[in-house]
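Those letters in the sequence shown? Residues -6 to 98, by the numbering used here.
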Amino acid sequence: MYNTDALIKTATPQTVAEAIGLSIVRKGSHTYCECPSHKKRLGKKDSNVSNCVLTAHGYHCFSCGAKGDVIQMVIDYCNMPFVKAAELVSNELYFGRRNRQKTAF
C-alpha cells in the first residue's frame, strides 16, 4: 500500500498536473491549472485556466469551489479509483517523466 500522507507532502501539484495533462499557466507568484473537477461538477470543461490555483499540496478552483490534494486531482481529472491515483502519483514522484510514456491514463 502507499503512504498517502508522504505522497501528498512530497509530490508537487505542478508536477502531477503536468503528468496528467492539465493546462498550466504561471502568473506572477502563482501557478494556475485547468480545474480537474470542473467537468464533473459543472458538466463542462474549465475554459479559464486562471480559475484554479495550485496550492502547496493540491489545488483550489475559485469558479466551482473544488479543492483537493494531488491524489484527488488525479482521481477527478482521470476518473480513477483512489489506489490507481495513488499509484500514478507515486510513479510520477519516484520515476518522473521517463515513466509517463508507460502509464496509461
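All C-beta atoms, glycine included, are put in the ideal place defined by N, C-alpha and C.
When the options are compared against residue i, the one with the closest alpha-carbon
| i | options | result |
| --- | --- | --- |
| residue 15 | 2, 56, 67 | 67 |
| residue 63 | 79, 43, 57 | 79 |
| residue 43 | -4, 50, 7, 27 | 27 |
| residue 8 | 77, 24, 72, 74 | 24 |
| residue 22 | 37, 49, 0 | 49 |
| residue 56 | 88, 40, 71 | 40 |
| residue 20 | 1, -1, 0, 45 | 45 |
| residue -5 | 86, 85, 76 | 76 |
Residues bridged to residue i (per DSSP)
| i | result |
| --- | --- |
| residue 3 | Paired residue(s): none; residue 3 is not in a bridge. |
| residue 24 | 19 |
Neighbour-count burial assignment, residue i, 16 or more Cβ in a 10 Å radius
| i | result |
| --- | --- |
| residue 83 | buried |
| residue 36 | exposed |
| residue -1 | exposed |
| residue 58 | exposed |
| residue 6 | buried |
| residue 52 | buried |
Query raised in the report: Three or more beta-carbon pairs under 8 Å between the region 30 to 38 and the region 3 to 22, yes or no?
Result: no
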